[in-house]
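As structure tokens, the structure follows; a few thoughts come after it.
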Ligand SMILES: Cc1cc2nc3c(=O)[nH]c(=O)nc-3n(C[C@H](O)[C@H](O)[C@H](O)COP(=O)(O)OP(=O)(O)OC[C@H]3O[C@@H](n4cnc5c(N)ncnc54)[C@H](O)[C@@H]3O)c2cc1C
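Numbering (this note's numbering), first residue to last: 8 to 385.
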């Protein structure tokens, strides 16, 4: 693909750069409790400036940005050191899924508060016994009159403690084959029947939660895409999961690598051939990642949907990020492992990278089957 931006794209980038320079996100708060509020306030400012949902159509409060402009948005956000908006799951997953499958009433009701961060969303897919094979989920929804009664358990639900709404996939037909008996609901989290218990992670923070659902009620009007269509609707959500993020993540990786380089230079470590070689390898991987992200964009532009490149970039990013943070810890010694040191946080948080948003093994299966045409694993 042509990697140079045209005049319109340059104008978009410059306008955004100016806005980000005039509206800095500020420093990451030290207290975990304040981080969410910081990200929500930043999203509100983005929304007021018309920048919160650049890839959404204008009629829903977006900017109607092209895919390339959307990639520029995520690159610039990361470059400015700004956080992902607090409602990232609403903007990247729930919104586009509702736009694809929702009725006009659902679009009118749900889309606008996503952009303004007035209503935060979480993704209730994974369960204790259904992660990679999420069609094996057991949470049940039974229709009673004009509503659905839901009982079950979800786990690893990021941001549930801040969320008003949950993209919930539940089993509505136990007789149908497992992929066909699912339905996709927009569940109100603010009810007694939904209990959220934060899970403490290795980093000490609680990004994700367990959800205990005991006869929660969901009006039929909040069923998305029709009963029994949950698998197809969920695929729309999953296809959107990796699209824009690749650009944000590749810039964040580049920034971390630049920090390692700068700190290594300060400590006079660059003359060591073994260290220089490792840094060279990581530089190469960061560049390959950037170019693969753009290749993914070309595939979407050509064929209208994400190709297997989405799996490649997620796989490459997560493994490279783990290698990079491990290398930083090796290089900077015990200092980098002390609690409160940013490198210790990066090292520990990177462990989840090869699990969240699809494990590396699952991504390798996708590449094996859909890129290399190898026989199905099972
Ligand atoms: C930081 C973080 C945030 C998350 N946020 C959310 C969220 O907001 N909402 C949500 O619904 N989920 C979320 N998840 C859950 C995530 O999607 C699951 O953890 C992931 O899909 C894997 O499922 P699992 O944990 O049940 O592992 P399993 O699916 O049980 O996998 C266990 C191991 O077996 C391997 N494996 C499984 N199947 C195969 C196969 N067919 N071939 C080869 N190897 C296989 C896996 O790669 C893995 O190594 C989050 C996870 C993390 C780490």
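In this text, a Cβ means the ideal position worked out from N, Cα and C, and glycines have one as well.
Where residue i falls, given that 16 or more other Cβ within 10 Å makes a residue buried
i: residue 262; result: exposed
i: residue 341; result: exposed
i: residue 201; result: buried
i: residue 310; result: exposed
i: residue 345; result: exposed
i: residue 226; result: exposed
i: residue 25; result: exposed
i: residue 124; result: buried
i: residue 297; result: buried
i: residue 92; result: buried
i: residue 105; result: buried
i: residue 264; result: buried
i: residue 181; result: exposed
i: residue 179; result: buried
i: residue 347; result: exposed
i: residue 303; result: buried
Same chain, Cβ closer than 6 angstroms to residue i, neighbours up to 5 away in sequence not counted
i: residue 361; result: 325, 367
i: residue 357; result: 328, 329, 332
i: residue 146; result: 159, 177
i: residue 42; result: 36
i: residue 381; result: 375
i: residue 353; result: 332
When the options are compared against residue i, the one with the closest alpha-carbon
i: residue 81; options: 67, 98, 68; result: 98
i: residue 40; options: 278, 205, 71, 359; result: 205
i: residue 160; options: 21, 108, 134, 180; result: 134
i: residue 236; options: 60, 207, 188, 264; result: 188
i: residue 76; options: 233, 137, 14, 66; result: 14
i: residue 65; options: 259, 209, 122, 139; result: 122
i: residue 190; options: 157, 363, 209, 220; result: 157
i: residue 184; options: 301, 143, 240, 365; result: 143
i: residue 139; options: 364, 323, 383, 198; result: 364
i: residue 131; options: 108, 175, 112; result: 175
i: residue 334; options: 267, 349, 291; result: 267
i: residue 215; options: 164, 27, 181, 117; result: 164
i: residue 85; options: 299, 353, 273, 255; result: 255
i: residue 193; options: 127, 47, 46; result: 127
i: residue 258; options: 383, 294, 244; result: 294
i: residue 12; options: 79, 72, 67; result: 79
i: residue 246; options: 307, 55, 284; result: 307
i: residue 199; options: 220, 322, 209; result: 220
i: residue 289; options: 277, 260, 278, 38; result: 260
Close-in-space but distant-in-sequence residues of the same chain around residue i (CB under 7 angstroms, 5 per side omitted)
i: residue 270; result: 339
i: residue 162; result: 133, 134, 135, 217
Element boundaries [alpha helix (DSSP H), containing residue i]
i: residue 338; result: 316 to 339
i: residue 354; result: 349 to 356
i: residue 257; result: 252 to 273
i: residue 308; result: 280 to 310
i: residue 51; result: 39 to 55
i: residue 14; result: 14 to 29
i: residue 78; result: 74 to 86
i: residue 203; result: Per DSSP, residue 203 belongs to no alpha helix (DSSP H); it is in the beta strand (DSSP E), 201 to 205.
i: residue 241; result: 237 to 248
Cβ-heavy atom distance, residue i to ligand 1, below 7 angstroms
i: residue 81; result: no
i: residue 130; result: yes
i: residue 139; result: yes
i: residue 211; result: no
i: residue 372; result: yes
i: residue 332; result: no
i: residue 165; result: yes
i: residue 326; result: no
i: residue 363; result: yes
i: residue 215; result: yes
i: residue 384; result: yes
i: residue 146; result: no
i: residue 359; result: yes
i: residue 369; result: yes
i: residue 170; result: no
i: residue 133; result: yes
i: residue 243; result: no
i: residue 366; result: yes
Residues near residue i in its chain [Cβ-Cβ closer than 8 angstroms; skip 5 each side]
i: residue 315; result: 373, 374, 377, 378
i: residue 196; result: 129, 167, 170, 171, 172, 173, 203
i: residue 370; result: 318, 319, 321, 322
N-terminal and C-terminal residue of the beta strand (DSSP E) that residue i is part of
i: residue 195; result: 189 to 195
i: residue 176; result: 172 to 178
i: residue 218; result: 216 to 226
i: residue 373; result: Here residue 373 belongs to no beta strand (DSSP E); instead the alpha helix (DSSP H) covers 367 to 373.
i: residue 160; result: 154 to 162
i: residue 113; result: Careful: residue 113 lies outside any beta strand (DSSP E), inside the alpha helix (DSSP H) at 111 to 122.
i: residue 131; result: 128 to 131
i: residue 149; result: 147 to 151
Residue i at chain E interface by Cβ criterion, 8 angstroms
i: residue 254; result: Going by chain labels, chain E is absent from the structure shown, which holds only one protein chain.
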